[in-house]
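Undergrad: Dropping the structure in here first, questions after.
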Amino acid sequence: MLLQKVPLRSTRSFSDFFLKYIEQDAALKPYYSQFPEVKNFKEQIKEKTPFPSSSRNSLVETLNKQYSKITNPSDAVKKNIQSLADKNTFTVVTGHQLNIFTGPLYFIYKIVTVINACKKLKATYPESNFVPVYWMASEDHDYEEIKYFRLYGKKYTWETDQKGAVGHFNTKELKKLLQELPGDVSIFKEAYEKNELLSDAVRHYVNKLFGNEGLIVIDADDRSLKNILKPVIREDLMEHTPFNLVSKTSEKLQAAGFHTQVNPREINFFYNDKGLRSRLEKKDNDFIVVDTDLKFSKAEIDKMIEETPEKFSPNVILRPLYQEMILPNLAYVGGPSELVYWLQLKDVFKHFNVPFPALMPRNFAMIVDHSTGRKLAKTGLEIQDFFEEKNYLYNHWVTKNSSHNLSLGKEMKTLEALLEDIYKRSIGIDPTLGQMTKAESKRIQNGLERVEKKMLRAEKRLQSDKLRQLDSVKDSLFPNGSLQERSDNFLNFYQQDPSFIEKMLKNFDPFDYQFNVLTYHE
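So, in structure tokens, the structure goes:
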């Protein structure tokens with residue numbers, strides 16, 4: 384594959400907030416610890432070395448229990464799980480929702496990034512071990528965001544009436560969807576048919592795809608792991624400390640001109656039990672579960688925190704803290720929206736004495752298949768041109784390839800000078816003629832602009848066949864008008880090329896924050 388790099392700002396696809404973080408804007412430096420460069424991980428390792436051995440042992444025990452559901456996990460996985468008990472072992476983690484059939488391509492790119500980051504860190508710091516981790520968002524209840532994926536331009540949707548945390552959803556209805564899919568989907572067929580719960584099925588197929596690389600899949604919706612979170616649950620519910628801290632940080636970011644991504648609540652936990660995941664709110668002296676009749680006294684809530692902490696599920700504000708409390712983690716790999724909301728959270732980590740991880744952007748990429756590559760070559764355009772808005776791209780191509788001069792810019796300047804001269808002469812005779820002369824001048828200029836637009840439109844009609852080819856390339860690279868990685872599923876490429884993931888592992892540099900364009904060549 385041919386690899387090309389495009390600066391992220393040149394893609395016009397990312398927020399200014401995120402780009403300023405990547406560019407290490409001075410205004411954002413107070414909101415993170417270390418910028419994610421390999422050399423800065425020495426300090427991250429030092430900060431995380433005191434991670435408690437009791438937490439390590441609990442983590443290993445939980446992972447062994449979860450992986451007992453996997454038939455013959457790879458030696459690399461088994462080795463990495465056991466190594467987490469060692470004080471010199473650290474993780475690099477990414478998280479994602481449990482999208483059916485992996486969802487969009489960037490799910491794959493996230494995991495490739497954490498795997499490659501661990502390899503690069505091991506080469507730089509050989510005395511330590513680095514374990515790539517995928518954190519399943521099994522407690523998320525937003526079924527609407529995970530229920531569909533796109534394959535070869537068609538949208539496939541999982542219809543179910545199930546409610547609550549999606550990790551507990553039964554997979555039975557996915558078996559019908561499997562029958563509708565083209566090509567080899569045996570990895571998913573096995574995962575969804577052998578596992579009743581969605582979380583177990585996701586662990587199964589992610590392990591199939593990445594187990595040989597030693598990737599660990601963790602489901603943090605677990606009682607033994609939640610035990611460590613008890614003090615945070617209690618302080619959030621009773622004192623609302625995270626709400627106050629994040630609100631202050633958000634105000635500072637907004638005052639500096641940054642649009643914040645998430646809003647804290649006074650209580651940042653959901654009640655999570657038996658097909659229900661709903662917000663907790665304080666009402667008078669009680670705690671209510673929103674949209675239900677459930678109500679608990681302070682004493683009842685205290686008892687629940689102590690005896691069944693798994694019934695408390697952190698929201699977007701406190702999930703990152705929970706992650707860093709149960710993992711000896713150095714860096715979080717996320718997308719542009721994720722990383723900027725982490726910048727709102729540093730003071731929460733400081734308050735609870737938890738080291739703040741390095742915030743690493745995932746790899747961003749676009750795949751140009753054989754067919755699209757051939758069409759692209761015929762256009763005479765560079766890949767970077769296709770990041771332009773479609774109408775601008777067409778106008779640029781037509782103007783560049785026309786045998787006629789379609790621009791009236793030179794004539795417009797000549798006309799402007801002539802009209803200005805007429806204006807001066809008219810007001811010299813009678814100042815009251817000025818307004819009428821300006822209006823007539825504007826009408827004449829508008830007419831010339833209309834002529835220029837009609838010339839361009841006529842040339843587009845003459846070039847319609849080639850513009851259709853241009854359209855085909857644009858739609859392949861930007862399906863549904865969005866970046867390919869945010870829309871298409873990896874099976875678009877994996878079914879034709881079973882070494883697709885290996886190619887991503889080979890070509891992506893986890894510490895190079897540019898946009899990767901990978902082209903299949905003949």
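Each residue of the sequence shown is one higher than the one before, counting from 384 in the numbering used here. Built from N, CA and C at the ideal position, the CB exists for glycine as well.
How many Å lie between E457 and L853 at the Cα?
TA: Checking the sequence, you will find Ser at residue 457 rather than Glu. Those two C-alpha atoms are separated by around 45 Å.
Undergrad: May I have the straight-line CA-CA distance separating E664 from L504, to the nearest angstrom?
TA: 43 Å
Undergrad: What is the rounded straight-line gap between the Cα of T540 and the Cα of F626?
TA: 36 Å
Undergrad: Output the distance between the C-alpha atoms of F641 and L402, rounded to the nearest integer angstrom.
TA: 11 Å
Undergrad: Considering only C-alpha positions, which residue in the set R617, M519, T454, H524 is nearest to V585?
TA: Of the candidates R617, M519, T454, H524, the one whose C-alpha sits nearest the C-alpha of V585 is M519.
Undergrad: Using DSSP bridges, identify the partner residues of D656.
TA: D656 pairs with L659.
Undergrad: Please list the terminal residues of the continuous alpha helix (DSSP H) segment that includes K681.
TA: 681 to 690
Undergrad: Between A748 and V475, is the Cβ-Cβ spacing less than 7 Å?
TA: no
Undergrad: Helix, strand or coil, according to DSSP, for F473 in the structure here?
TA: strand
Undergrad: Which residue from K462, N610, D667, E444 puts its Cα closest to that of T691?
TA: N610
Undergrad: Three or more beta-carbon pairs under 8 Å between the region 659 to 673 and the region 738 to 758, yes or no?
TA: Inter-segment contact for the region 659 to 673 and the region 738 to 758 is absent: fewer than three beta-carbon pairs are separated by less than 8 Å.
Undergrad: Would you kindly work out how many angstroms separate the C-alpha atoms of Q387 and V900, rounded to a whole number?
TA: 5 Å
Undergrad: Have a look at D567, D895, I483 and flag the residue whose alpha-carbon is nearest the alpha-carbon of V716.
TA: Ranked by Cα distance from V716, the options D567, D895, I483 are led by D895.
Undergrad: So, with DSSP's three-state summary, where would you put F434?
TA: coil
Undergrad: What three-state label does DSSP hand K836 in the structure shown?
TA: Here K836 sits in helix by DSSP.
Undergrad: What did DSSP end up calling F552 once you bin it into helix, strand or coil?
TA: coil
Undergrad: Quick check on the DSSP output: the beta strand (DSSP E) that includes T515 runs from which residue to which?
TA: It is Pro, not Thr, that sits at residue 515 in the sequence shown. Segment 512 to 519, the beta strand (DSSP E) holding P515.
Undergrad: Relative to the C-alpha of K635, which residue among K889, F873, A410 is closest?
TA: A410
Undergrad: Quick test of the definition: if touching needs 3 or more C-beta pairs under 8 Å, does the region 860 to 871 touch the region 721 to 741?
TA: no
Undergrad: Taking just the CA atoms, how far does R826 sit from R833?
TA: 11 Å
Undergrad: Buried or exposed, going by whether 16 or more other CB atoms sit within 10 Å of the CB of D544?
TA: exposed
Undergrad: Taking the C-alpha atoms as reference points, what is the distance between V672 and K538?
TA: 35 Å
Undergrad: How many angstroms separate the CA atom of Q706 from the CA atom of S466?
TA: 18 Å
Undergrad: Judging by CA-CA distance, which residue of P697, D892, N655 is the nearest neighbour of L677?
TA: The residue among P697, D892, N655 with its C-alpha nearest the C-alpha of L677 is N655.
Undergrad: Measure the beta-carbon distance from I529 to I483 and round it to whole angstroms, keeping in mind my assumption that it falls under 8 Å.
TA: 6 Å
Undergrad: Could you tell me whether the Cβ atoms of P711 and F473 are closer together than 7 Å?
TA: yes
Undergrad: Let me know if D399 comes out buried or exposed under the rule of 16 or more other beta-carbons within 10 Å of its beta-carbon.
TA: exposed
Undergrad: Could you pull the DSSP bridge partners for T902 from this structure?
TA: L385, V751
Undergrad: Keeping to the same chain, check which residues put their C-beta closer than 8 Å to that of K857; ignore five residues upstream and five downstream.
TA: F769, K773, L776
Undergrad: Quick one, are the C-beta atoms of D730 and T643 less than 7 Å apart?
TA: no
Undergrad: Check for me: the alpha helix (DSSP H) holding G792 runs from which residue to which?
TA: Where G792 is concerned, the enclosing alpha helix (DSSP H) stretches over 792 to 812.
Undergrad: Checking 7 Å against the spacing of the C-beta atoms, do V460 and G594 come in under that value?
TA: yes
Undergrad: For Q818, tell me which candidate among I688, T675, L659, E803 has the shortest Cα-Cα distance.
TA: E803
Undergrad: Nearest CA to the CA of L620: which residue from D523, F679, V549, N440?
TA: Cα-wise, what sits closest to L620 is F679.
Undergrad: Helix, strand or coil for E406 per DSSP?
TA: In the structure shown, E406 sits in coil (DSSP, three-state: anything other than H, G, I, E or B).
Undergrad: Please tell me whether E522 and D604 are closer than 7 Å, where the distance is taken between their beta carbons.
TA: Judged by beta-carbon spacing, D604 lies within the 7 Å limit of E522, meaning their Cβ atoms are closer than that value.
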